[in-house]
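> Here it is, the structure in full.
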Amino acid sequence: MAVNVHASVDRFARAAAVVAAAAALSGCGTINTLAVKGVASTLSEGGDSVTSHNDPALIAGAMPFALMLHESLLASVPNHEPLLTTTCSLYTQYAFGFIAADAEALQREHYDRSKEQSDRAFTLAERGKNYCWRGLDVKFRGMSQALKANPTRALARTKKEHVELLYWSAASLGAAISAGGLDHPELLIDWPVVRALAERALALDETWSAGAIPELMITVESQGEALGGSEDRARRYFARAVEIQRGLSPSPYVALATGVVRSKQDRDEFADLIEQALAIDPENDPSHRLVTLITQKRARLLLERIDDLFLEPSPRPE
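So the sequence shown is numbered by this note's numbering: it starts at 430 and just counts up by one.
Written out as structure tokens, the structure reads:
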């Protein structure tokens, strides 16, 4: 799953000014509501001040404030769909890109702390998913229930303008299922919903957000035949993601390595893919520098833990 922080520092600065104005006008309900909606719209807009940052630790420290700010605004405008989507995306990115990553790093030497972080990642991912589900119901009445009954039919009314909501709905639910792991096996029943959301987003706009959807599909197709996965399709989505991103992102390489390649226990190909991910220069795509740095940090950890991930070297045919 790609980690792509949508909030930006200058957006927070602009939003803070509007929040101050809203507070000053708190005695006038109509004006205050308009001001809050203005902040919500500001926070929902795109920007690359954060995605181009070179200090993931600084961004990780700022994320809780961003989450609290978004939630406080949603208390005033609970049906603001763009803000619901953005809040969902931030929780998903924080859970997967920072908290779950910390759990993975701690797993070998500090199991108890790793388990605490894993549990926290699950809670955050679930919270994010719930915001996306609210967004779906705001946009399409009854959608969250319809998805459980027949996801493909339910999503037929969605259009290209809804791709961001569809993507984050798929990513957040997928992150919750992944973070839940063996502690929450009951969540696997919702995997067809993840696939349906991702496939619908792909059909509507394959190149959205620099190939994020084909990248997500690598993970979807890596789940094994029992969950509808396919190694051949995973590799095709890998090639397409690399093509769209012009080879500037390490994320497809890590997704394929940790997906079908690890499942096959092909240690050599796993190492090759991780090394390709690490060879990418973050400066070649400054607008996604943060994502590259976060992904490469995980790639280094995976390479360090390779003996834990593979039973033995897998020989390549000559």
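Yeah, the Cβ is synthetic: ideal placement off N, Cα and C, and Gly gets one too.
What you are looking at is a predicted structure, and each value in this text was computed from that prediction instead of being measured.
Can you give me the start and stop residues for the alpha helix (DSSP H) that glutamine 546 sits inside?
540-568
> Enumerate in chain order the residues of its own chain whose CB-to-CB distance from arginine 727 is below 8 Å, with the five nearest sequence positions on each side excluded.
Scanning its chain for C-beta atoms nearer than 8 Å, with the 5 sequence neighbours on each side dropped, one finds around arginine 727 the residues Ala530, Glu533 and Val683, in chain order.
> Within 10 angstroms of its Cβ, does proline 711 collect 16 or more other Cβ (buried), or is it exposed?
buried
> Let's see if you can read the secondary structure: which residues bound the alpha helix (DSSP H) around glutamate 672?
660-673
> Do isoleucine 673 and glycine 640 have their C-beta atoms within less than 8 Å of each other?
yes
> Kindly confirm or deny that the region 579-587 and the region 547-557 touch, where touching means at least three C-beta pairs closer than 8 Å.
no
> If proline 679 and alanine 670 are in contact, beta carbons under 8 Å, what's the gap, nearest whole angstrom?
Their Cβ separation, rounded to whole angstroms, is 11 Å, which puts proline 679 and alanine 670 out of contact at 8 Å.
> If we ignore side chains and look at the alpha-carbon of each, how far apart do methionine 646 and threonine 636 end up?
13 Å
> Can you tell me whether DSSP reads histidine 613 as helix, strand or coil?
coil
> Cβ of alanine 608 within 8 Å of Cβ of serine 547?
It is a contact, given that the beta carbons lie within the stated cut-off.
> I need the straight-line Cα distance from glycine 688 to glutamine 522, nearest angstrom please.
19 Å
> So, under 8 Å CB-CB, isoleucine 528 and arginine 549 are touching, yes? Tell me the CB distance rounded to an integer number of Å.
5 Å
> Report, in whole angstroms, the separation of the C-beta atoms of leucine 732 and isoleucine 703, which I expect to be a contact under 8 Å.
5 Å
> Mind pulling the alpha helix (DSSP H) runs of 4 or more residues that sit fully within the region 513-541?
529-535
> Have a look at leucine 719 and arginine 586 and give me their C-alpha separation to the nearest angstrom.
35 Å
> Taking C-beta to C-beta, are leucine 519 and leucine 496 nearer than 8 Å?
Yes. Within cutoff.
> Kindly give me the distance between the Cβ atoms of glutamate 628 and valine 567, rounded to whole angstroms, as I take these residues to be in contact under 8 Å.
Rounded, the Cβ-Cβ distance is 22 Å, inconsistent with contact.
> Which class does phenylalanine 494 belong to by DSSP, given the choice of helix, strand or coil?
Helix at phenylalanine 494.
> Per DSSP, what kind of secondary structure is asparagine 579 in: helix, strand or coil?
coil
> Using a Cβ-Cβ cut-off of 6 Å (strictly less than) and excluding sequence neighbours within five positions of glutamine 536, which residues of its own chain qualify?
The answer, listed in chain order, is Ser543.
> Report buried or exposed for glutamine 725, applying the criterion of at least 16 other Cβ atoms within 10 angstroms of its Cβ.
buried
> Rounded to whole angstroms, what is the Cα-Cα separation between leucine 594 and threonine 514?
6 Å
> Rounded to whole angstroms, what's the CA-CA distance from aspartate 737 to proline 507? Just pull it up for me.
45 Å
> From lysine 588 to threonine 648, what does the alpha carbon distance come to, in whole angstroms?
23 Å
> Helix, strand or coil for glutamine 694 per DSSP?
Note: glutamine 694 maps to coil in three-state DSSP.
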